[in-house]
Amino acid sequence: MEDEIMDKLVCMHREELEKEDAHDVDRRLEKGFARWFKTHIWKLRKENPGVVSEALFALSCGPDLRVKSWIVNGVRYSTVDREKYLQTQNSGVMVDGTHEGDNIEFYGVLREILDLQYNSDLDIYRSVVLFRCDWFNQVGKTRGVRDDGHFKSINIQSFWYKDDPFILATQSKKIFYLQDTSLGNEWRIVQKFEHRNMYNVSEKDDHIFDVHQDDNCSDTEHEVHEGNADEDLDHL
């Protein structure tokens, strides 16, 4: 239902732009629709509150993006920039996917955490958490993945899937990267672990590959569990 309403609103805004000036309508629509949509919905809600659903009004409020650290199913993730001067590593990310028809594991680092909050009132919390990642390239003779049967190493200087950086937070699996001294500075050994053995504890140890909580990550604790994202998307 909301999709039909959004299509109608896009057509409405396009018609208004065409009446103003028929030149470069698509670019102007893309650039200005969000602001027009918010103004239109808020005005409509004020004049006739029953016409605008809570989900549509929440969407018009826009997302709230303000997170650098997040806990997913009890496991803490942080962005690369956040941990630049820390002694902990919480930015390693792995996700299952496909490449040219083959099932593979994508390895990367977390660049940005997007908490898309679409909240129209205090009683309903709508949120979708996305991770924006840099994915390490896994093809090529000199850059890619080296697997000797015991350890898997990846080159951290080459990237791929730059146009597909986003995953749901609940899709992520946390991994660590260890320096591969045999291959050189550009190579890291992929270290996996069972998430059920992870604990969100205070940062006290100096070992860079131990798992710790950054006590000063935010004023409010944020956490997401599997299943939340799909339920939240249904509300929009």
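Using full-length UniProt numbering, the first residue of the sequence shown is number 1, and each one after it goes up by one. Just so it is clear, CB atoms sit at the ideal spot from N, CA and C, and this is done for glycine as well. Remember, it's a predicted structure, so these values are computed and weren't measured experimentally.
Asked	Found
Looking at residue 59: is its Cβ nearer than 9 Å to the Cβ of residue 71?	no
Helix, strand or coil: how does DSSP classify residue 56 here?	helix
In terms of DSSP beta bridges, what is residue 103 paired with?	98
Shortest alpha-carbon distance to residue 142 belongs to which of 43, 184, 79?	184
So what does residue 131 bridge to, in DSSP terms?	113, 167
Following a CB-centred definition, is residue 95 positioned closer than 8 Å to any heavy atom of the ligand NAP?	The model depicted lacks the ligand NAP and carries no ligand whatsoever.
Could you check the C-alpha separation between residue 77 and residue 48 for me, to the nearest Å?	43 Å
Spell out the partners DSSP gives residue 174 in its beta bridges.	93
Could you work out which residue in 35, 173, 39, 10 is closest to residue 26 when comparing CA atoms only?	10
Around the Cβ of residue 193, are there at least 16 other Cβ atoms within 10 angstroms (buried) or fewer (exposed)?	exposed
So what's residue 152 in DSSP terms, helix, strand or just coil?	strand
State the start and end residues of the unbroken alpha helix (DSSP H) segment that holds residue 25.	25 to 47
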